[in-house]
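Residue numbers (the numbering used here): 16 to 249.
Note that beta-carbon positions come from the ideal geometry of N, C-alpha and C, so glycine has one too.
These figures come from a predicted structure and were not determined experimentally.
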Amino acid sequence: MVLAVGVAHFINDAYSSFLSPLLPRLMDRLGMSIALATILAMTWSLAGSLIQPAAGYLADRYGRKFFVIGGPLISGVFLSLIGLAPSVAVLAAILIAGGIGSAAFHPPGAAMSGGAAEGKGSGLRMSIFAFGGLLGFAVGPLIVVALVAVVGLSGMWVAMLPAIAVCSVLVFVLPSDRPHPDAPKPPPPLEVLRALRGPLGAIFVIGALSGFLQRLFLTLSPIISFQDGVSEAT
């Protein structure tokens, strides 16, 4: 099961990396400034992060399988449509939808892997989940740039087909995990937020700052490189 969730993580994060390398093309096609492009990237990032606590809470109450499959599917379908966006407003809506899909996957995906990783071999199993996401995020830009070079932005929609295929298989591979009627209910959100006081809160802040710097670099580096005459493939 951990391997299957790792594959889902690969799919989800591969599509999540599509935007940055295509920003220069999208800016040229839609007449966007650098400021507007960074706002769009921020919009996608916020959509992919702010609802994660809610997604985790709902997954704890109603089961994780739906989110682990539905998240990458939504992310893959919508983020494959960014090349078809006729306007900045439509592109923003597509990015928000794709971000919501990504956000819906991560908390229950990590929890499902963690639940399967209790006991012997837990470190290896959790590393498989993490490796899947990192690998997807690394190869996603290479895949989408190569694809767009062949079919163009308007043909980029075909990128959704692997997500549909993989998620269809995961329906049969992942076990049902609906909570038992007698299982204790998850703690209320306010109680969870109180846990952010102390060391956990410090880790949260460090993670947020790290994510901000990473997103800043990933957004601006393709734009700066393109303006300096560096090709997408490079």
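- Task: Please classify D43: is it buried, with 16 or more other beta-carbons within 10 angstroms of its beta-carbon, or exposed?
- Result: Exposed: under 16 other Cβ atoms inside 10 Å.
- Task: In the DSSP assignment, find the alpha helix (DSSP H) that holds W59 and state where it starts and stops.
- Result: Where W59 is concerned, the enclosing alpha helix (DSSP H) stretches over 49–62.
- Message: Taking 7 Å as the cut-off, is the beta-carbon of V163 closer than that to any non-hydrogen atom of the ligand MN?
- Response: Questions concerning the ligand MN fall outside what the structure shown contains, since it holds no ligand whatsoever.
- Please say whether L55 and A107 have beta carbons closer to each other than 8 Å? Going by C-beta atoms, A107 is nearer than 8 Å to L55.
- Whole-number beta carbon distance between L189 and V83, since they are thought to touch under 8 Å: Cβ-Cβ separation between V83 and L189: approximately 6 Å, consistent with a contact (criterion under 8 Å).
- Query: Taking Cβ to Cβ, would you say A178 is nearer than 8 Å to Y30?
  - Reply: Yes, these two residues count as a Cβ contact at 8 Å.
- Using the beta-carbon count (16 or more within 10 Å), is S183 buried or exposed? Exposed, since its Cβ has fewer than 16 Cβ neighbours within 10 Å.
- Note down, one range per segment and in chain order, each beta strand (DSSP E) of at least 3 residues found wholly within the segment 94–161. You should have found no qualifying run.
- Item | Backbone CA spacing between G78 and F241 [nearest angstrom] | G78 and F241 have their alpha carbons spaced roughly 44 Å apart.
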